[in-house]
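**Student:**
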Amino acid sequence: MAEVCLGLMIAGLTAYGLLAGADFGAGFWDLTAGGARRGGRVRGMVKRSMGPVWEANHVWLIFVLVIFWTAFPVAFGSAMSTLYVPLFGAMVGIVLRGAAFALRGQAATMGEARGLGAVFALSSVLTPFFMGAALGGVAAGEVPVGNAQGDPWSSWTSPISLLVGVLAVATGAYLSAVFLAGDSERAGLPDLVAAFRARALGAAVVTGLLAAAGLAVVSSDAPDLFDGLTSGGGLVCVIVSGVAGAATLALLWTGRFFLARFGGALAVAGVTVGWVFAQSPYLLPGELTLDQAAAGDATLTATLVSVALGLVVLLPSLWLLYSLVLRGRLDQAYEPLDQRFRP
Amino acid sequence: MIDLGLLAQVAPPSGGLGDPGPQPDLLDARQMQAMSFMFHIPLVCFGISFPAMVLFLEGLWLRTGDPVYKRLAKRWSKVMLIMFAVGVVTGTVLSFEFGLLWPNFTATFGEVFGLGFALEGFSFFIEAIFIAIYVYGWDRIRPRLHFLCGIPVVITGITGSLMVIGVNGWMNNPTGFDVHGGKVTNVRPWEALFNDYLAHELVHMYVAGYLVAGFIVAGVYARAWLKGRRDRYHRVGLVVSLTIACLAAPVQLVVGDWAARTVADRQPVKLAAFEGLANTEKGAEFTIGGIYEDGALEYGISIPKLLSVLADHDPNGVVKGLNTVPKEDQPPVNPVHLSFQVMVFIGTGLAALAALYLLTWWRKRRLPQSKWFYRGVVAAGPLALVALIAGWVTTEVGRQPWVVYDVMRTSQAVTAADGLEIGYVFLAVLYASLAVAVFWLLRRLSRQPAEAD
Amino acid sequence: MTIKRLLVATLLTGFLGVALMIPFEGPLTRSLGTTCLIAFCVLGAFLIASPGYLAEEEDDP
């Protein structure tokens, strides 16, 4: 049962990485869109695409956290207390990102929109970096069991951690460009389709290179993890991820954005699932195996029962939301973000 | 029923991670948690009650076809979405703090209380999905279907708070586990979730949600009323929100009585702290105001036997005192006493204001005409908020020094990490700017003409 | 439902709720009492914030 709970957690984490990751990536494109006038069109598209979905996307994180502390309480307490610096950073980033995005919609002057936009965009880059670095710290075996027993700084500043952090930012940017290209196509805005297509292709190459560099760093710094990634289930996942990534490039090149969404998603999912295979049977590498970390059977059963019941309601609801979104039923009229402030 | 006091004496659990040792910043950790909570809880009130109010208006629109209801419902749903968005992120802070501030609490008891949060997570999910469909779906989804999409938002507002309050109830009334040799064993998560504190805490908080959100919204329209904006739009906004708040206010007194009697029964030491009662007394007095010094409340106005009446519904009932437990197990009296009184007096005042409104309607079928009534309504929103926070301070500080009542001390639960005060300052600045920004933009929204939606 | 019946139902649930909640402590009376009190709020809202009342114009300045 511990395996099923871990599977749920990883499924949740993957969903969070894909969906919320893309929302963070949208913030990256918002940040790099250029001046108030020039970037207005890109920013308007970012706002329009994220509006209806970002809150639901964000809830995957809550899902992961609660399963984590219910099913693996000791691992949760150890990881959170050791990695408190990056996690505090991520927490602050989440607050700033969400609040600034929600409030920007009410901005009345260009100055306000710019200020809130800058907060939104900057925190969209910092948050996935911190989260990636924290996950990297777990993968690199920097978290000992105990109450804040690991080093508060070196636990998340190893080359692996930093690389995973940057990879998280790049992945989000890549996914988001793919999604935004599709949304722009649906909105009938060819200039934005071209802009996001170019960004998606660029980000795909950068992400692929970072992933390859990541493998190289892992092979020298964490040989056990590297062995896991290059054998058995881990290897399969890495290959799936690589193939899906290449296929997405081809789909983007030929302008098939709807399919590219799923290719991109598969490429990212391959990495998270591969990571789990690579560090099995450990939850905290070198410290705590999955079975040692698991809560009692009564709790695991209750968690699985409630998750099963929850999914019965959740999945149709999610399907409804995304089908409404993808069919454009919730689309608001498109306007560049600087439109309202033009004389 | 297990005697938890005895249990704690036999085997105080060291916890899944072991004792953190001395944490000089324990108070900073508690303040951070309290601050995060105080910021989040008003948003929860809006999450609980605002969807129902918006649906009430939309229902009126569907029944009558009068566009004024739709305009108002749309406007309110915009505010609802902003409140929800800010609530999403401030709620996330609370989840993080379970690990960042209280790792030993979560590591030890996560498997006991975690189920509540897992279910809450799903509620929250459904709420996020349907709130988006509802707010972005105006004029894009058929009216009846649109109305139906609002119903899950109302339901998940209830279920979500049910689960979280189940966990808070469990912290005050821990059941569903045994402690053997310093380890938590035989976990029964469903029993833990449906503890004996769930029902009254849920109802008390739920009604508070309507009080706080209702009076705050009514206050906005009462201000407009005083400034002479008395058109249909403002009248509807005022009457709907004020009616709901005024119906909830008297009900809250009855529910509060239920809560107080349960606390008197199950956490007598907490009740003693409400009223600074050092020794067990028969026919105990109730003191208005006062400062607790050397085992008694000084400088207050005492009303004989009233505490016994409140706690036991018997003027000669016996109320247990603080000294039934050792000094180190007693909560700090002054903050608990002060916040308890603030809650009770504001609650009573709101009920009086509500009675005036309801009686005027009953006798004369019109709104009260006195300017002072509307000034009272303007004040009622912030006051209801103060009462809400005071109520939570009462129950949470009254639980101290325990994080899990009579089982684990707050000082055992805290993180061993350094630098909590830096995080505290950071978070305080963050919340202050967030509060200013939200207030500023809601004010801006309220000044836009309604036709702009 | 006519206004009159709604008024009677609101008052009835209100009084019944208080009568069940204040003197008794059992789980049954409390669940019934709470239900009555919630019904009081819901019925009261429909009673007072009715389309007819909401449509009235303010006569005084």
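As given, the protein sequences belong to chains A, B and C, one line each in that order.
The letter at position 173 of the first sequence is residue 173 when you use my numbering, and the numbering goes up by one with no holes.
The letter at position 56 of the second sequence is residue 56 when you use my numbering, and the numbering goes up by one with no holes.
The letter at position 55 of the third sequence is residue 55 when you use my numbering, and the numbering goes up by one with no holes.
The beta carbon of each residue, even a glycine, is placed where N, CA and C say it ideally should be.
For clarity, every value in this text was computed on a predicted model and none was experimentally measured.
Using 8 angstroms as the limit for Cβ to Cβ distance, is B/Met1 near chain C?
**Tutor:** Residue confidence is low: B/Met1 scores 38 on pLDDT, short of 50, so the model does not pin down where it sits. Its coordinate-derived value is still stated next. Chain C, which has no Cβ nearer than 8 angstroms to the Cβ of B/Met1, makes this no.
**Student:** Short of 7 angstroms in beta carbon distance, which residues of its chain neighbour B/Phe113, apart from the five on each side in sequence? Order them along the chain.
**Tutor:** Hits under 7 angstroms: Val167, Trp170 and Ala192.
**Student:** Does the beta-carbon distance from C/Phe40 to C/Thr2 come in below 8 angstroms?
**Tutor:** No, these two residues do not count as a Cβ contact at 8 angstroms.
**Student:** Judging by CA-CA distance, which residue of B/Ala384, B/Thr243 and B/Asp312 is the nearest neighbour of B/Glu285?
**Tutor:** Checked all of B/Ala384, B/Thr243 and B/Asp312; the closest Cα to B/Glu285 is B/Asp312.
**Student:** What are the residues in the region 178–190 of chain B lying within 9 angstroms of chain A by C-beta distance?
**Tutor:** Taking 9 angstroms as the Cβ-Cβ cut-off against chain A, the residues of the region 178–190 of chain B that qualify are Val184, Thr185, Asn186, Val187, Arg188, Pro189 and Trp190.
**Student:** To be precise: take each residue of the region 259–274 of chain B, compare its Cβ to all Cβ atoms of chain C, and keep it if any distance is under 8 angstroms. Which residues remain?
**Tutor:** Residues Arg261.
**Student:** If I measure Cβ to Cβ from B/Pro143 and keep anything under 7 angstroms in the same chain, skipping five residues before and after, which residues do I get?
**Tutor:** Correct list, in chain order: Leu62.
**Student:** If we define contact as Cβ-Cβ less than 8 angstroms, is C/Arg30 a contact residue for chain B?
**Tutor:** True, the Cβ-Cβ gap to chain B drops below 8 angstroms.
**Student:** Please report the Cβ distance between A/Ala168 and A/Phe129, rounded to the nearest whole angstrom; I am assuming they are in contact, meaning their Cβ atoms lie under 8 angstroms.
**Tutor:** Contact holds; Cβ gap of about 6 angstroms.
**Student:** Please go through the same chain and pick out, in chain order, the residues whose beta-carbon is closer than 6 angstroms to the beta-carbon of A/Met50, but skip the five residues on each side of it.
**Tutor:** Excluding positions up to five away in sequence, the list reads Asp23 and Ala26.
**Student:** If we count Cβ pairs, one from each stretch, closer than 8 angstroms, do we get three or more for the region 405–414 of chain B versus the region 24–39 of chain B?
**Tutor:** Yes, they touch.
**Student:** Give the residues of chain B in contact with A/Phe76, contact being defined as C-beta atoms less than 7 angstroms apart.
**Tutor:** By Cβ distance, chain B contributes Gly99, Thr106, Ala107 and Gly110.
**Student:** Can you pull the DSSP bridge partners for A/Tyr282?
**Tutor:** Paired residue(s): A/Thr289.
**Student:** Comparing the C-beta of C/Gly26 with each C-beta of chain B, is any distance below 8 angstroms?
**Tutor:** Not closer than 8 angstroms to any Cβ of chain B, the Cβ of C/Gly26 fails to qualify, so no.
**Student:** If you draw a straight line from the alpha carbon of A/Ser219 to that of A/Met110, how long is it in whole angstroms?
**Tutor:** About 49 angstroms.
**Student:** Please list the partners that B/Ile151 has in chain C, where partner means a Cβ-to-Cβ separation under 9 angstroms.
**Tutor:** Here the premise fails: no neighbours, minimum Cβ distance about 14 angstroms.
**Student:** Go to C/Ile22, then tell me how far its alpha helix (DSSP H) extends in each direction, as first and last residue.
**Tutor:** No alpha helix (DSSP H) holds C/Ile22; DSSP gives it neither H nor E.
**Student:** Would you mind telling me which residues of chain B sit closer than 7 angstroms to C/Val8, beta carbon to beta carbon, in chain order?
**Tutor:** Result: empty, since nearest Cβ-Cβ is about 13 angstroms, beyond 7 angstroms.
**Student:** What does the Cβ neighbour count give for B/Phe96, buried or exposed, with the cut at 16 atoms within 10 Å?
**Tutor:** So B/Phe96 counts as buried.
**Student:** Please list, in chain order, the chain B residues whose beta carbon lies closer than 8 angstroms to that of C/Pro40.
**Tutor:** Residue 40 of chain C is actually Phe in this sequence, not Pro. Within chain B, the residues near C/Phe40 are Leu247 and Val251.
**Student:** Could you check the C-alpha separation between B/Met1 and B/Phe177 for me, to the nearest Å?
**Tutor:** Confidence in B/Met1 is poor, its pLDDT being 38 and thus under 50, which makes the residue's placement unreliable; the coordinate value appears in the next sentence. Roughly 12 angstroms separates the two Cα atoms.
**Student:** Return helix, strand or coil for B/Ile141, following the three-state DSSP convention.
**Tutor:** Of the three classes helix, strand and coil, the one that applies to B/Ile141 here is coil, per DSSP.
**Student:** Apply the 10 Å Cβ neighbour rule to A/Trp69 and answer buried if 16 or more other Cβ atoms are within range, or exposed otherwise.
**Tutor:** It counts as buried.
**Student:** Can you find the residues in the same chain that come closer than 7 angstroms, C-beta to C-beta, to B/Leu211, ignoring five residues on each side of it along the sequence?
**Tutor:** Around B/Leu211: Ala245, Ala248, Ala249, Gln252, Leu350 and Ala384.
**Student:** What's the C-alpha gap between B/Tyr299 and B/Ile158?
**Tutor:** Computed Cα separation, rounded: 42 angstroms.
**Student:** Does the Cβ of B/Trp440 have 16 or more other Cβ atoms within 10 Å, making it buried, or fewer, making it exposed?
**Tutor:** By the 10 Å Cβ count, B/Trp440 comes out exposed.
**Student:** Below 7 angstroms on C-beta distance, what does A/Gly208 contact in chain B?
**Tutor:** Within 7 angstroms Cβ-Cβ: nothing; A/Gly208 doesn't reach chain B, min ~31 angstroms.
**Student:** Under 8 angstroms, Cβ to Cβ, is there at least one residue of chain A near B/Tyr374?
**Tutor:** Cβ-Cβ to chain A under 8 angstroms: no for B/Tyr374.
**Student:** I need the straight-line Cα distance from C/Leu16 to B/Thr394, nearest angstrom please.
**Tutor:** Near 29 angstroms, if we compare the C-alpha coordinates of B/Thr394 and C/Leu16.
**Student:** So, under 8 angstroms CB-CB, B/Ile129 and A/Leu321 are touching, yes? Tell me the CB distance rounded to an integer number of Å.
**Tutor:** The pair is a contact, with the Cβ atoms about 5 angstroms apart (cut-off 8 angstroms).
**Student:** According to DSSP, is B/Tyr357 part of a helix, a strand, or is it coil?
**Tutor:** B/Tyr357: helix per DSSP, three-state reduction.
**Student:** If we count the other Cβ atoms within 10 Å of its Cβ and call it buried at 16 or more, is B/Gln9 buried or exposed?
**Tutor:** Reliability fails at B/Gln9, whose pLDDT of 39 lies under 50, so the model's placement of it is uncertain and no value is given.
**Student:** Per DSSP, what are the beta-bridge partners of B/Phe286 in this structure?
**Tutor:** Paired residues: B/Ile303.
**Student:** Please list the terminal residues of the continuous alpha helix (DSSP H) segment that includes B/Glu421.
**Tutor:** Residues Leu420 to Arg447.
**Student:** Select from the region 297–311 of chain A all residues with a C-beta closer than 7 angstroms to any C-beta belonging to chain B, and list them in chain order.
**Tutor:** Per Cβ criterion, the list reads Ala298, Thr299, Ala302, Thr303, Ser306, Val307 and Gly310.
**Student:** Could you work out which residue in A/Ser81, A/Ala140 and A/Arg197 is closest to B/Leu17 when comparing CA atoms only?
**Tutor:** The candidate whose alpha carbon is nearest that of B/Leu17 is A/Ser81.
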